[in-house]
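> Residue numbers (the working numbering), protein chains in the order written: chain U, 78 to 275; chain P, 78 to 275; chain W, 78 to 275; chain Y, 78 to 275.
Number of protein chains: 4
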Amino acid sequence: MTLAVTSPVKILVLYDSQTGNVEHMAALVAEGAREITNTEVRIRKVGGAGDLRATPDDVLWADGLAVGSPTNMGVLSWRMKQFWDEEMGRHWMKIDGKIGCAFSSAGGWGGGMELACQSILTVLMNFGLLVFGVTDYASRDLTLHYGAVAAKAPSDEHGRAACRLLGRRLAEWTATLGHGNTSEHPGGKLAARRPAHA
Amino acid sequence: MTLAVTSPVKILVLYDSQTGNVEHMAALVAEGAREITNTEVRIRKVGGAGDLRATPDDVLWADGLAVGSPTNMGVLSWRMKQFWDEEMGRHWMKIDGKIGCAFSSAGGWGGGMELACQSILTVLMNFGLLVFGVTDYASRDLTLHYGAVAAKAPSDEHGRAACRLLGRRLAEWTATLGHGNTSEHPGGKLAARRPAHA
Amino acid sequence: MTLAVTSPVKILVLYDSQTGNVEHMAALVAEGAREITNTEVRIRKVGGAGDLRATPDDVLWADGLAVGSPTNMGVLSWRMKQFWDEEMGRHWMKIDGKIGCAFSSAGGWGGGMELACQSILTVLMNFGLLVFGVTDYASRDLTLHYGAVAAKAPSDEHGRAACRLLGRRLAEWTATLGHGNTSEHPGGKLAARRPAHA
Amino acid sequence: MTLAVTSPVKILVLYDSQTGNVEHMAALVAEGAREITNTEVRIRKVGGAGDLRATPDDVLWADGLAVGSPTNMGVLSWRMKQFWDEEMGRHWMKIDGKIGCAFSSAGGWGGGMELACQSILTVLMNFGLLVFGVTDYASRDLTLHYGAVAAKAPSDEHGRAACRLLGRRLAEWTATLGHGNTSEHPGGKLAARRPAHA
Chain U
78 MTLAVTSPVK ILVLYDSQTG NVEHMAALVA EGAREITNTE VRIRKVGGAG DLRATPDDVL
138 WADGLAVGSP TNMGVLSWRM KQFWDEEMGR HWMKIDGKIG CAFSSAGGWG GGMELACQSI
198 LTVLMNFGLL VFGVTDYASR DLTLHYGAVA AKAPSDEHGR AACRLLGRRL AEWTATLGHG
258 NTSEHPGGKL AARRPAHA
Chain P
78 MTLAVTSPVK ILVLYDSQTG NVEHMAALVA EGAREITNTE VRIRKVGGAG DLRATPDDVL
138 WADGLAVGSP TNMGVLSWRM KQFWDEEMGR HWMKIDGKIG CAFSSAGGWG GGMELACQSI
198 LTVLMNFGLL VFGVTDYASR DLTLHYGAVA AKAPSDEHGR AACRLLGRRL AEWTATLGHG
258 NTSEHPGGKL AARRPAHA
Chain W
78 MTLAVTSPVK ILVLYDSQTG NVEHMAALVA EGAREITNTE VRIRKVGGAG DLRATPDDVL
138 WADGLAVGSP TNMGVLSWRM KQFWDEEMGR HWMKIDGKIG CAFSSAGGWG GGMELACQSI
198 LTVLMNFGLL VFGVTDYASR DLTLHYGAVA AKAPSDEHGR AACRLLGRRL AEWTATLGHG
258 NTSEHPGGKL AARRPAHA
Chain Y
78 MTLAVTSPVK ILVLYDSQTG NVEHMAALVA EGAREITNTE VRIRKVGGAG DLRATPDDVL
138 WADGLAVGSP TNMGVLSWRM KQFWDEEMGR HWMKIDGKIG CAFSSAGGWG GGMELACQSI
198 LTVLMNFGLL VFGVTDYASR DLTLHYGAVA AKAPSDEHGR AACRLLGRRL AEWTATLGHG
258 NTSEHPGGKL AARRPAHA
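(1) Can at least three beta-carbon pairs, one atom from the stretch 103-115 of chain U and one from the stretch 151-160 of chain U, be found at a separation below 8 Å?
(2) Taking any Cβ of chain W, which residues in the stretch 181-204 of chain P have a Cβ under 8 Å from it, in chain order?
(3) What is the rounded straight-line gap between the Cα of P:His222 and the Cα of U:Arg241?
(4) Tell me the start and end of each unbroken alpha helix (DSSP H) in the stretch 114-152 of chain P that is at least 4 residues and wholly inside, in chain order.
(5) Establish whether the CB of W:Thr79 and some CB of chain U are separated by less than 8 Å.
(6) Hey, U:Val136 and U:Ile113 are a contact pair by Cβ (cut 8 Å); roughly how many whole angstroms apart?
(7) List, in chain order, every chain W residue whose beta-carbon is nearer than 8 Å to that of P:Asp162.
(8) Just checking: is the beta-carbon of U:Thr212 within a distance shorter than 8 Å of some beta-carbon in chain P?
(9) At what residues does the alpha helix (DSSP H) containing P:Ser260 begin and finish?
(10) The ligand NAP and P:Leu89: does any heavy atom of the ligand fall closer than 7 Å to the residue's C-beta?
(11) Are any of the Cβ atoms in chain Y nearer than 8 Å to that of P:Asp140?
(12) Under the assumption that W:Leu129 contacts W:Leu89 (Cβ atoms under 8 Å), give the Cβ distance between them as a whole number of angstroms.
(13) Taking DSSP as the reference, what is the three-state secondary structure of U:Val86?
(14) Who pairs with U:His35 in a beta bridge, going by DSSP?
(15) So, P:Gly185 versus Y:Thr199, is the Cβ gap smaller than 8 Å?
(16) Under 9 Å Cβ-Cβ, which residues of chain W neighbour P:Lys290?
(17) I'd like to know if P:Lys87 contacts chain W, where contact means its C-beta is closer than 8 Å to some C-beta of that chain.
(18) Go to W:Thr199, then tell me how far its alpha helix (DSSP H) extends in each direction, as first and last residue.
(19) Could you tell me if U:Ala81 is buried or exposed, where buried requires 16 or more neighbouring beta carbons within 10 angstroms of its beta carbon?
(20) Do Y:Pro133 and Y:Ser182 have their C-beta atoms closer together than 8 Å?
(21) Whose C-alpha, out of U:Leu206, U:Ser260, U:Lys87 and U:Arg246, is nearest the C-alpha of P:Leu247?
(22) Does any residue of chain P bring its CB to less than 8 Å from the CB of Y:Leu221?
(23) Answer with buried or exposed for Y:Trp138, where buried requires no fewer than 16 other C-beta atoms within 10 angstroms of its C-beta.
(24) Which residues in chain U sit within 8 Å of P:Val208, going by Cβ to Cβ distance?
(25) If you check the beta carbons only, do P:Leu201 and P:Gly177 fall under 8 Å apart?
(26) Could you give the distance in angstroms between the alpha-carbon of W:Asp194 and the alpha-carbon of W:Met150?
(27) Following the continuous alpha helix (DSSP H) through Y:Gly244, name the residue where it begins and the one where it ends.
(28) Ignore the nearest five residues each way along the sequence and tell me which others in P:Gly97's own chain have a CB closer than 8 Å to its CB.
(29) Counting along the chain, where does the beta strand (DSSP E) carrying U:Ala179 start and finish?
(30) At what residues does the beta strand (DSSP E) containing U:Ala215 begin and finish?
(31) Determine the chain P residues that contact U:His262 at a beta-carbon separation under 8 Å, and present them in chain order.
(32) Taking the alpha-carbon positions, what's the P:Val123 to U:Asp233 distance?
(33) Specify, as a first and last residue, the run of the alpha helix (DSSP H) that Y:Leu105 falls within.
(34) Using CA coordinates, which residue listed in P:Ala239, P:Phe180, P:Val211 and P:Gly166 is at the minimum distance from P:Glu93?
(35) With which residues is U:Leu207 paired in a DSSP beta bridge?
(36) What does the Cβ neighbour count give for U:Thr79, buried or exposed, with the cut at 16 atoms within 10 Å?
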């Protein structure tokens, strides 16, 4: 049973981007999150200009977070790390139980994007978040089991679908687990989901 | 508001143990989970004898899982891996959205117990689980940010407290997020929680 | 100064394969290793038939190892893990200082191949090996910073080049560092190497 | 055969420290490296004052590097990351083949020190270094399989022994593999080494 009126699911897409590739991904993740009814989405950039600039208040506001960073030497960027070390450090033990996920772009496949996602998830787990990946495939040769990944910018519809799927799943888990809106549980939508293709 | 009667929170403590150290931890994790009202706990061993033997049905039954393995060469044991590769493989995409966490024992600190927990969490994320660590400290020099860890068996009350805390937090998150029982949210119990000690 | 006659560089390509994808990669890694003069290469399969079957003696024999596994749930396969846990376990502390690297195939990009390589490297580090990735790109969108990776089988010349490059670099490091044959140091061949393409 | 006179093995101990714990470890790692004959050791701090301040020239100078960072949210500190992202970024593909290892201190066991070491090793591998951990135990309950670790500062002789052992092994591998000084190979010193204690 879902209440007729529930408070909106609040999703933060938080990212760092130097070349624009991760920014591109962030916009797609946000798009995916908005596909779920009653979702409110903020996009914020670490060190960004004006209203786009990420602050701890954005994290405190959110029920669910997608955190994206360039893959720099196989680990999240120092700018994104600084945000969590310094600005969020004083809010440690205050954001336990939010839902989190990751996305990253590297220069090429095998360039560390999965490891960078893993490092983001490590940071989020340290803050007490529950983190997830997506079992579904975005296309025959692309999935996002530990976060959405791209070689440079998402270059085709498959790459874009992976980013959107991350945002959609984040909104689904946040609605289901954080808001008790069980109608959004992906388990009930299995027919529409895409398993691996041998 | 919590309903007067809710269905029990079903917790599986799933482990492999060769020397008995992880088995010891498993019993403590189960103890911790039982501290939360209305929790039903199963303990199962990979390759165990009789009723103790883990089966995929145990995983399907559970709302939340704590998975423990010896630290073997810095990664979960081949026996635990085999359980997920082979027996659970055919249930892939059917257990998304459950809550998961990890525990492990190594021969000594620095022996890979955190990395082994990470490898367990990687497997659980692959299956679509939401995984977490615990922000709280169990004592001045022991925490469980990525799962409960021990050098050999948990040797003192601090080590035992860490295992119990993992089980309790697992039951809390499963009650809160999986069952909408918000009264168990650890955020509401902050006064009783233990932060880092400088 | 290089001695006129040096003992051959002994390279082991050790793999597990269920679908044939990693076997395909293993053959290419071996091909790459043979590009370096005075290299002797063995290919062995965990659980393989007849002479192809990997034994601890193969590991003891080798100066350098490339270890490949299917990406199963984001971690090396239980079969490969069993080989190191059980068969190699009794040789622990006897193979320190060998050179090691990793390769893996997953169902799709983002499917955990980098994490599986990382888990292989964790096992090798536990045994005291020095492990490496390759800075060079194999093509515009493919590199092997933490091991050679493929989505299913290496599907085109780029994917095949990455596998060969791993084997070649392994032979180069083993010749240089293990045998003092400094003429094979990749630093002296920089003109032939391929950096990232923005 | 070892030449009567060989050039010194150049070891850099590079660290970041906020509370002094990692600085303490760094001094011990340097001490251990100096135990090996004909070793020249530099200690440098990221953002340090005067001559202590780390520069890319220090990294270019070294044959072997021990890199230490506080465990901040389970990953190396943003300051250490910034050094590699920004200052060292322009030297990428110029330091392949050096030998590297890691050390880290967290607030408590289970607090992410192993994961922080792993993140350091990921960065070093990205730059083409060969990285290693130490199989030996420093004491009954302490080892350094993926780098030297401490809960807060190394508090007793065991903790200090682990740091020294890391430095010594780094100098040994660098002498053996980088300089062909096979008399320093740890395999020849097995009688003096300490295996795990069941």
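Yeah, the Cβ is synthetic: ideal placement off N, Cα and C, and Gly gets one too.
In short, the structure shows the following:
(1) no
(2) Gly189, Leu192, Ser196, Thr199, Val200, Met202, Asn203 and Phe204
(3) 30 Å
(4) 133-138
(5) Caution is warranted here: a pLDDT of 43 is assigned to W:Thr79, below 50, making its placement in the model unreliable, and the coordinate value is therefore given only provisionally. No - not a single Cβ of chain U is within 8 Å of the one on W:Thr79.
(6) About 20 Å separates the two Cβ atoms, so there is no contact after all.
(7) Asn149, Met150, Ser154 and Trp155
(8) In terms of beta-carbon proximity, U:Thr212 lines the interface with chain P, with at least one pair separated by less than 8 Å.
(9) No alpha helix (DSSP H) contains P:Ser260, which DSSP labels as neither H nor E.
(10) Summarising the ligand content, the structure contains no ligands, and the ligand NAP is consequently not present.
(11) no
(12) Contact flag wrong, Cβ pair sits at about 12 Å.
(13) strand
(14) Any property of residue 35 of chain U remains undetermined from this structure, which presents chain U solely from 78 to 275.
(15) no
(16) Residue 290 of chain P cannot be examined here, being either before or after the span of chain P that is shown, 78 to 275.
(17) no
(18) Where W:Thr199 is concerned, the enclosing alpha helix (DSSP H) stretches over Met190 to Asn203.
(19) Its pLDDT being 42, under 50, U:Ala81 is placed unreliably in this model, and the value from its coordinates should be taken loosely. When all chains shown are included, U:Ala81 counts as exposed.
(20) With a cutoff of 8 Å on beta-carbon distance, Y:Pro133 and Y:Ser182 are scored as not near each other.
(21) U:Leu206
(22) Interface residue, yes.
(23) exposed
(24) Met202, Leu207, Val208 and Phe209
(25) yes
(26) For clarity, residue 194 of chain W is Cys in the given sequence; the question names Asp instead. Taking the straight line joining both Cα atoms gives about 12 Å.
(27) Glu234 to Trp250
(28) Ala230
(29) Ile176 to Ala183
(30) Val211 to Ser216
(31) Within chain P, the residues near U:His262 are Gly174.
(32) 43 Å
(33) Asn98 to Arg111
(34) First, the residue type needs correcting, since residue 93 of chain P is Asp and not Glu in the sequence shown. Of the listed residues, the one whose Cα sits closest to P:Asp93 is P:Phe180.
(35) DSSP lists U:Ile176 as partners of U:Leu207.
(36) Confidence at U:Thr79 is low in this model, with a pLDDT of 42, below 50, so the placement of that residue should be treated as unreliable; the coordinate-derived value is given next. Exposed, by the Cβ-count rule.
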